[in-house]
Amino acid sequence: MSLQILAVDDSRTIRDMLNLTLSQAGFNPHLADDGIHGLELLEGLTPGAIITDINMPRMDGFGFIDAVRKIEKHRATPILVLTTESAPELKKRARDAGATGWIVKPFEPKKLVRALQMVTG
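What the sequence shown shows, in our numbering, is residues 16 to 136, in sequence order.
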């Protein structure tokens, strides 16, 4: 059974790239198009890790990370932020909210897979 990964991004292109990258690496990807959708999917999942964008409609990545960390069974789930943003204050805000790591888009599939393997053990 492959490890489930929840990936939340409002860009269809990025979701498609994540789906392909994660599937090829042997993960079982679940895709959401914003934070609200991500939380809905999370109700039926126990992912080994979560990947989230920051800038999304309805609920951004910071709100999503906050909401995930309030759910008891997901308190320790690794969360990687995948975003075009690279400002230090945003990284700090994400870390303070509970993010485990930060990857800047466009991402290199090998680096993303390696980061996931590191945080999921």
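Virtual Cβ for every residue (Gly too), placed ideally from N, Cα, C.
Residue range of the unbroken alpha helix (DSSP H) whose run includes residue i
| i | result |
| --- | --- |
| Thr67 | Element bounds for Thr67: not the alpha helix (DSSP H) but the beta strand (DSSP E), 64 to 67. |
| Ala91 | No alpha helix (DSSP H) holds Ala91; DSSP gives it neither H nor E. |
Exposed unless 16 or more other CB atoms sit within 10 angstroms - verdict on residue i
| i | result |
| --- | --- |
| Asp68 | buried |
| Leu35 | exposed |
| Met133 | exposed |
| Val23 | buried |
| Pro72 | exposed |
| Pro7 | In this structure the chain extends from 16 to 136, so residue 7 is not present and cannot be described. |
Simplified DSSP assignment, three categories, for residue i
| i | result |
| --- | --- |
| Thr137 | An answer regarding residue 137 cannot be provided, because it is not within the stretch 16 to 136 covered by the chain. |
| Leu21 | strand |
| Ile118 | strand |
| Ile29 | helix |
| Glu123 | coil |
| Lys85 | coil |
Residue range of the beta strand (DSSP E) that includes residue i
| i | result |
| --- | --- |
| Ala114 | Careful: Ala114 lies outside any beta strand (DSSP E) and carries neither H nor E. |
C-beta neighbour in chain C for residue i, strict 8 Å
| i | result |
| --- | --- |
| Arg30 | Checking the listed chains, one finds no chain C in this structure; it contains a single protein chain. |
Between the stretch 68 to 87 and the stretch 111 to 130, do three or more beta carbon pairs fall short of 8 Å? They touch, by the three-pair rule.
Curious, which full-length alpha helix (DSSP H) runs of at least 4 residues does the stretch 38 to 80 contain? 50 to 57
Pairs of beta-carbons, one from the stretch 48 to 60 and one from the stretch 116 to 128, closer than 8 Å: are there three or more? no
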